[in-house]
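**Q** So for the sequence shown, the working numbering puts the first residue at 26; every next one is plus one.
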Amino acid sequence: MKINGTPYRSVWVDEKDGWSIHIFDQTRLPFALDILTLVTPEEVAHAICTMQVRGAPLIGAVAAYGLALALRSSANDTTLEQTAAMLAATRPTAINLRWAIERMLTRLRPLAPAERAAAAYAEAGLICDEDAAQNEAIGRHGLELLRALAAGGRRVNILTHCNAGWIATVDWGTALAPIYMAHDEGLDVHVWVDETRPRNQGAALTAWELGSHGVPHTVIADNAGGHLMQHGQVDIVIVGTDRVTRSGDVANKIGTYLKALAARDNDVPFWVALPSTTIDWTVSDGIREIPIEERAASEVTHVGGRDDAGNIVRVQITPDGSRAANPAFDVTPARLVTGLITEKGCCPATQAGLLSLFPEFGQKEQGI
Ligand code: MRU
26 MKINGTPYRS VWVDEKDGWS IHIFDQTRLP FALDILTLVT PEEVAHAICT
76 MQVRGAPLIG AVAAYGLALA LRSSANDTTL EQTAAMLAAT RPTAINLRWA
126 IERMLTRLRP LAPAERAAAA YAEAGLICDE DAAQNEAIGR HGLELLRALA
176 AGGRRVNILT HCNAGWIATV DWGTALAPIY MAHDEGLDVH VWVDETRPRN
226 QGAALTAWEL GSHGVPHTVI ADNAGGHLMQ HGQVDIVIVG TDRVTRSGDV
276 ANKIGTYLKA LAARDNDVPF WVALPSTTID WTVSDGIREI PIEERAASEV
326 THVGGRDDAG NIVRVQITPD GSRAANPAFD VTPARLVTGL ITEKGCCPAT
376 QAGLLSLFPE FGQKEQGI
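(1) Excluding the five sequence neighbours on either side, which residues of its own chain have a C-beta within less than 7 Å of the C-beta of Val195, listed in chain order?
(2) Asp156 by DSSP, collapsed to three states: which one?
(3) Measure from the alpha carbon of Val264 to the alpha carbon of each residue in Pro300, Gln258, Trp233, then state which is nearest.
(4) Does the beta carbon of Thr326 fall short of 8 Å from some heavy atom of ligand 1?
(5) Taking 8 Å as the cut-off, does the segment 182-194 touch the segment 218-228 (at least 3 CB pairs, one atom from each stretch)?
(6) If you count every other CB in all the chains shown that lies within 10 Å of the CB of Thr62, and 16 or more means buried, which is it?
(7) Have a look at Phe56 and Asn248 and give me their C-alpha separation to the nearest angstrom.
(8) Does the distance between the C-beta of Arg180 and the nearest non-hydrogen atom of ligand 1 fall short of 8 Å?
(9) Could you check how far apart the C-beta atoms of Leu130 and Ala109 are, in whole angstroms? I think they sit under 8 Å.
(10) By the three-class DSSP mapping on this structure, what secondary structure does Trp296 have?
(11) Can you give the beta carbon distance from Met254 to Val214, rounded, assuming they're within the 8 Å contact cut?
(12) Would you mind reading off the limits of the alpha helix (DSSP H) that contains Lys284?
(13) Using 8 Å as the cut-off, classify the Cβ of Ala109 as near or not near the heavy atoms of ligand 2, replying yes or no.
(14) Run the proximity test for Asp260: is its beta-carbon closer than 8 Å to any non-hydrogen atom belonging to ligand 1?
(15) Comparing the CB of Ala193 with every heavy atom of ligand 1, is any distance shorter than 8 Å?
(16) Would you give the residue range spanned by the beta strand (DSSP E) that Cys372 belongs to?
(17) Measure the beta-carbon distance from Ala70 to Gly43 and round it to whole angstroms, keeping in mind my assumption that it falls under 8 Å.
(18) Spell out the partners DSSP gives Ala276 in its beta bridges.
(19) For ligand 1, I want to know if Cys187 counts as a neighbour, meaning its beta carbon is within less than 8 Å of at least one of the ligand's heavy atoms.
(20) Using C-beta distances below 8 Å, list every residue in its chain close to Glu210, excluding the 5 sequence neighbours before and after it, in chain order.
(21) Going by DSSP in three states, Gly317 sits in which element: helix, strand or coil?
(22) Leaving aside the five residues before and after Gly273 along the sequence, list all residues of the same chain whose C-beta is less than 8 Å from its C-beta, in chain order.
(23) Three Cβ pairs or more, each shorter than 8 Å: is that satisfied between the segment 351-358 and the segment 273-283?
(24) Helix, strand or coil, according to DSSP, for Gly330 in the structure here?
(25) DSSP puts Asn336 in a beta bridge; with which residues?
(26) Mark Ala285 as exposed unless 16 or more other C-beta atoms lie within 10 angstroms of its C-beta, in which case mark it buried.
(27) For ligand 1, I want to know if Asn277 counts as a neighbour, meaning its beta carbon is within less than 8 Å of at least one of the ligand's heavy atoms.
(28) In whole angstroms, what separates the C-alpha of Ala287 from that of Trp124?
(29) Cutting at 8 Å between CB atoms, please list the residues of its own chain near Leu212, excluding the five before and the five after it.
(30) Mark Gly257 as exposed unless 16 or more other C-beta atoms lie within 10 angstroms of its C-beta, in which case mark it buried.
(31) Closest by CA to Ala100, which one among Arg79, Ala88, Ala139?
(32) Can you look up Pro36 in the DSSP assignment and give me helix, strand or coil?
(33) Keeping to the same chain, check which residues put their C-beta closer than 8 Å to that of Thr243; ignore five residues upstream and five downstream.
(34) What would DSSP say about Ile163, mapped onto helix, strand or coil?
(35) Counting only beta-carbon separations shorter than 9 Å, does Asp39 have a partner in chain C?
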């Protein structure tokens with residue numbers, strides 16, 4: 026996607042040295058567009074833990090490059106396995122992280138150490154290219170839903186939660202890809218952007234992305250969505266996801282479940298956009314089986330922003346001594362999900378629906 030007319034991806038290899046990688050520091054957006062250079066796997070792990078990079082597909086892609094960076098200096102089996110374990114431990118909920126690391130290990134383990142670094146860069150590059158292509162395909166399939174809602178030139182009001190845009194992926198985004206395409210072809214789309222406490226990925230990142238692309242949008246407090254739905258001001262909800270079980274349960278940023286409940290109560294379609302790399306075929310019951318990341322209480326007790334003098338600051342909003350809890354994700358049961366938008370098309374949020382699009386993950390391989 027473009028920033029001020031220049032096309033960017035969310036992670037890229039330095040053109041000059043050919044090996045260090047660059048990311049945007051997402052903790053500084055929307056107030057500063059800082060590009061970071063990462064040169065060690067430890068720096069990659071730190072960037073993921075501190076959410077300088079975030080979003081399920083993107084942390085997978087960046088972790089893949091983390092392995093490549095490690096293998097430049099030492100490519101023996103111990104380095105490979107220890108770096109993979111370190112990177113996999115950074116965040117627990119998004120399955121794309123584990124998926125990307127497993128894919129890298131499968132490619133690299135059989136190789137001689139001397140061949141590994143080059144192969145790792147090539148494989149990480151493929152992961153990035155495939156993610157961008159999958160998200161573009163998600164955009165095309167989701168666009169069909171928006172075209173139907175826009176029939177007769179109607180305005181389409183879309184509600185989204187968190188940030189499932191291009192900076193949460195390598196390019197395009199998942200939930201936002203159909204919205205960009207709809208806007209580009211002239212449909213009258215408007216996006217309700219949930220601020221997404223505690224880290225405000227909606228207010229900071231989704232609003233920045235949509236604004237940069239010229240998409241009309243309005244940031245709302247997290248609790249406003251139900252009210253807007255009751256008053257007919259939301260035509261469709263589209264969110265991304267960090268992990269979908271084979272039976273269609275959806276883990277996404279905390280608060281997604283409440284939006285799905287409100288959507289069901291108000292007959293608003295609730296769609297989830299995902300590349301197939303976000304499906305965890307090994308689990309079925311999302312509430313019981315998906316690990317939910319518990320992040321620092323300080324993310325709840327403090328908020329970041331820009332003060333009137335233009336400084337990026339962090340302020341405390343709770344009394345000294347109040348405890349805070351910070352589960353970062355929740356699980357929306359499949360029964361509340363209208364459907365899934367994948368790179369292969371749309372399907373019901375069921376095992377049969379997913380297998381109709383991805384028969385290669387059928388009963389034999391997965392023991393379903
Ligand atoms: O904690 P984050 O900001 O990494 O959470 C991100 C989300 O919940 C996104 O909705 C999800 O990763 C989908 S990204 C295309």
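For each residue, glycine too, the CB sits at the ideal point set by N, CA and C.
Nothing here was measured: the structure is a model prediction, and the numbers come from that model.
**A** Reading from the atomic positions:
(1) Arg34, Ser35, Val36, Pro82, Leu83, Ala86, Cys153, Asp156, Ala157
(2) helix
(3) Pro300
(4) no
(5) Between the segment 218-228 and the segment 182-194 there are three or more inter-stretch CB-CB distances shorter than 8 Å, so the stretches are counted as touching.
(6) exposed
(7) Cα to Cα, Phe56 sits roughly 25 Å from Asn248.
(8) no
(9) 6 Å
(10) It is a strand residue.
(11) With a contact defined as Cβ atoms closer than 8 Å, Met254 and Val214 miss out at about 17 Å.
(12) 281-290
(13) Among the ligands present in this structure, namely ligand 1, ligand 2 is not found.
(14) no
(15) Distances from the CB of Ala193 to the heavy atoms of ligand 1 include at least one below 8 Å.
(16) Per DSSP, Cys372 belongs to the beta strand (DSSP E) from 370-372.
(17) Contact between Ala70 and Gly43 fails: their C-beta atoms lie close to 22 Å from each other, not under 8 Å.
(18) Arg268, Val356
(19) Flag set: Cβ of Cys187 near ligand 1.
(20) Leu168
(21) For clarity, residue 317 is Ile in the given sequence; the question names Gly instead. Residue state, collapsed to three classes: coil.
(22) Ala359, Val362, Leu365, Pro373, Ala374, Thr375, Gln376, Gly378, Leu379
(23) Touching, yes.
(24) The answer is strand: DSSP assigns Gly330 an E or B state.
(25) Answer is none; Asn336 lacks a bridge partner.
(26) buried
(27) yes
(28) 32 Å
(29) Leu171, Arg172, Ala175, Val181
(30) exposed
(31) For Ala100, the closest of Arg79, Ala88, Ala139 by C-alpha to C-alpha distance is Ala139.
(32) Per the sequence presented here, residue 36 reads as Val, with Pro not at that position. Three-state DSSP puts Val36 in a strand.
(33) Cβ contact annotation for Thr243 (same chain, cutoff 8 Å, sequence separation greater than five): His215, Val216, Trp217, Val218, in chain order.
(34) helix
(35) Given the protein chain composition of this structure (a single chain), no chain C is represented.
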